[in-house]
Amino acid sequence: MKLRVLWAFLLPLFFLFSCKGDKPEPVRLGEDVCEYCKMVIADERFAAQVITKKGRVYKFDAIECMVGYYNQNEEEIKRAYVVNFLNPKEFIPAEKAFYVRSPEIRSPMGMNLSAYKSKEDAKKALEGKEGELLDWKALRELIKREYKFSH
């Protein structure tokens, strides 16, 4: 009987801890370093993260760094997240976000990419600005074509 009670207690704990690694970690500005370009993360509005299938969290200072890493390591990645430009404390699954590329929204690595939770938010951010609206698939293709980094 005691063994059943022990298992009833331990089993939920096992599942709780085995699910660790699905959620992004807070960005520590001025401390966290981009996994791809090795720059210190200074502006959380452009930050991104990937979580590997082994549960490791890699942080990035710019969306293009994360996507470059993602494109090279897709088979190892469990989840990818971008920061909502309009709410820098909120992470969005990268494949569900909408992206704006505009020279009027300057990002750390120069591709001037920002991420938004909805297509409407992205369109509003682009209103009156030069630039383009991208989904995850189009963003990945753009990075494959234009973001040349030696890694």
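Note that my numbering has the sequence shown beginning at 1, numbered continuously upward.
Cβ coordinates follow ideal geometry from the N, Cα and C atoms, glycine included.
In this structure, DSSP gives PHE46 a helical state, which the three-state scheme calls helix. Approximately 5 Å separates the beta-carbon atoms of TYR116 and PHE98; this is inside 8 Å, confirming the contact. Counting along the chain, ALA115 sits inside the beta strand (DSSP E) bounded by residues 113-116. Proximity of the stretch 22-31 to the stretch 97-113 falls short of the contact definition, fewer than three beta-carbon pairs being nearer than 8 Å.
When DSSP states are grouped into helix, strand and coil, ALA80 belongs to the strand group.
As for any beta strand (DSSP E) of minimum length 3 sitting wholly inside the stretch 85-131, the runs are 87-93, 98-101 and 113-116, ordered along the chain.
With a 10 Å radius around the Cβ and a threshold of 16 neighbouring Cβ atoms, PRO24 comes out buried. Taking C-beta separations shorter than 6 Å and ignoring five residues to either side along the sequence, the partners of LEU134 in its chain run TYR99, following chain order. The Cβ atoms of TYR147 and GLY68 lie closer than 8 Å to each other. Considering only GLU74, LEU113 and LYS137, the residue with the shortest C-alpha distance to ALA47 is LEU113. With a 10 Å radius around the Cβ and a threshold of 16 neighbouring Cβ atoms, ASN87 comes out exposed.
Around the Cβ of VAL40, a 10 Å sphere holds fewer than 16 other Cβ atoms; the residue is exposed. With fewer than 16 other Cβ atoms inside 10 Å of its own Cβ, ALA138 counts as exposed.
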